[in-house]
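Asks: This is the structure I have questions about; it appears just below.
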Amino acid sequence: MGEQAVNENPKRKLTLLGILGIQAAVVVYTASSICSKMASSERGSIEIFGRTIEGLNLKGFLWILLEVGCLGLYAVLWQQIIKRFDLSIAYCNRAFAVCWSFLWGVLFFGEQVRPLNLVGIGIVLAGILLVNSDAQ
Amino acid sequence: MHSEFTPWLLIFLVTATVASFAQMLLKKSAMEKHDSWIREYLNWKVIVGYGLMFSAMLLGVYGYARGVQVKSASVMESFGIVEVAVLSAIFFKEKLTRKKILGIALIIFGIIIFNLA
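Taken in sequence, the protein lines are chains A and B.
The first sequence runs 0 to 135 under numbering that gives the first Met the number 0.
The second sequence runs 0 to 116 under numbering that gives the first Met the number 0.
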């Protein structure tokens, strides 16, 4: 979808501001997992047009709506990013999603940081960067 | 400290797989010529693709409801990168280079190490 635009625009040099911009988009993307987790604890049912839908209560559905919103916003931001930066730079930055999600788990849901978690994430990150570095 | 591994984590391998197949459909559609701008978005591949993505999202919520942690889910979903690389080689003849294969091995190894914690 964004391929044409990629060829038309001269690519911007990577600056600190550029990295922050791309990471902001990645944060929006990973925020979707926070919404998912929040929704998962809102069990119940809601009534829409006289029909009862079991599974989540209204709050749960609102979290899902917010999640869809995050992913939609991310899609728009991503199109802008690949227009402005080389794909390799964009994908390199996106790999860090796994680190952001880890941070959200620890910060918002009190999940434990275990040494093997950190080693595992480091290896996964290296793997993602390696796969992406050859994906153009 | 007991292991944090739970079989429910495997749900996130399923969501990654569903999302990877969805990506294949979206890419297929993006490579085709469409009569109009609206057809680029309103064709069965895109609709099924996004439908699959949405289903994967809901399945993820179910996984979280079963107690999967956010930190673990995102690591499990990295398996999607492995699947996209392999499926792209199958469907789009994208080369599985030595670098990619090494990256794939690292991702799988990293997921295993992460879950040993």
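Using N, Cα and C, we set each Cβ at its ideal position, and we do this for glycine too.
None of the values given here were measured: they were computed from a predicted structure.
Quick one: does residue 85 of chain A have its CB under 7 Å from some CB of chain B?
Replies: As a first step, residue 85 of chain A is located in the first sequence; it is residue number 86 there, counting from the start. Cβ-Cβ to chain B under 7 Å: no for residue 85 of chain A.
Asks: If you pair each beta-carbon of the region 36-50 of chain B with each one of the region 85-92 of chain A, do three or more pairs fall below 8 Å?
Replies: Judged by Cβ distances under 8 Å, the region 36-50 of chain B makes no contact with the region 85-92 of chain A, as fewer than three pairs qualify.
Asks: Which residues does DSSP list as the beta-bridge partners of residue 42 of chain A?
Replies: As a working note, residue 42 of chain A is residue 43 in the first sequence. The partner list for residue 42 of chain A (beta bridge, DSSP) reads A/55.
Asks: Using CA atoms only, rank isn't needed, just tell me which of B/101, B/62, B/11, B/10 is closest to residue 85 of chain B.
Replies: For the purposes of this step, residue 85 of chain B is taken as the residue at position 86 of the second sequence. Ranking B/101, B/62, B/11, B/10 by Cα distance to residue 85 of chain B puts B/101 first.
Asks: Quick one: which chain A residues come within Cβ less than 8 Å of residue 105 of chain B?
Replies: The sequence position of residue 105 of chain B within the second sequence is 106, counting from 1. Residues of chain A passing the Cβ test: 122, 123, 125, 126, 129.
Asks: Give a yes or no on contact between the region 107-117 of chain A and the region 10-22 of chain B, applying the rule of three or more CB pairs nearer than 8 Å.
Replies: Flag = no, the region 107-117 of chain A and the region 10-22 of chain B do not touch.
Asks: Sorted by chain position, which residues of the same chain lie with C-beta nearer than 7 Å to residue 110 of chain A's C-beta, five sequence neighbours on each side aside?
Replies: Position 111 of the first sequence, counting from 1, holds the residue named residue 110 of chain A. Hits under 7 Å: 104.
Asks: Using a threshold of 7 Å, state whether the C-beta atoms of residue 29 of chain B and residue 76 of chain B are closer than that.
Replies: The sequence position of residue 29 of chain B within the second sequence is 30, counting from 1. The sequence position of residue 76 of chain B within the second sequence is 77, counting from 1. No. Outside cutoff.
Asks: Assign residue 50 of chain A to one of three DSSP states: helix, strand, or coil.
Replies: Reading the first sequence from its first residue, position 51 is the one you call residue 50 of chain A. Strand at residue 50 of chain A.
Asks: Check the Cβ-Cβ distances between residue 96 of chain B and every residue of chain A, and say whether any is below 7 Å.
Replies: Within the second sequence, residue 96 of chain B is the residue found at index 97, counting from 1. Taking Cβ atoms only, chain A reaches closer than 7 Å to residue 96 of chain B, which makes this a yes.
Asks: In terms of residues, what are the limits of the alpha helix (DSSP H) holding residue 99 of chain A?
Replies: On the first sequence, position 100 is the one that residue 99 of chain A refers to. Element bounds for residue 99 of chain A: 96-108.
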